[in-house]
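For the sequence shown, our numbering assigns the number 99 to the last residue and increments by one with no breaks.
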Amino acid sequence: ARGGRRVRFHKQAHFNLCQYTRGDVADHDNEVNEACWVEIDAAIQQLAFAKEQQIVARARDLIAAVER
């Protein structure tokens with residue numbers, strides 16, 4: 032807080048559904064605190080916001096439809 036006032040920061044999150052081809056999650060720049068692979072249902076549970084959970088659940092459903 033600045034001068035006793037609460038400061039709010041607004042952010043935008045962009046979601047992209049991509050297919051992994053190659054690479055290492057450790058190969059990232061210093062703006063990323065952590066990168067790792069997790070199962071999609073575990074990822075949904077780790078998300079804090081309902082809208083983000085819905086987006087990733089929709090991605091899970093799209094992946095399942097393509098795999099059928």
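All residues carry an ideal CB built from backbone N, CA and C; glycine is no exception.
Taking the Cβ atoms as the reference, Ile-75 lies roughly 5 Å from Val-87, within the contact range of under 8 Å.
Relative to the Cα of Val-97, the nearest Cα in the group Gly-34, His-41, Leu-48 and Gln-43 belongs to Leu-48.
For His-45, the closest of Arg-89, Arg-99, Arg-91 and Glu-83 by C-alpha to C-alpha distance is Glu-83.
Residue pairing by DSSP places Arg-39 opposite no residue, since no beta bridge is assigned to it. Counted as a single uninterrupted DSSP element, the alpha helix (DSSP H) harbouring Glu-83 occupies residues 81 to 98.
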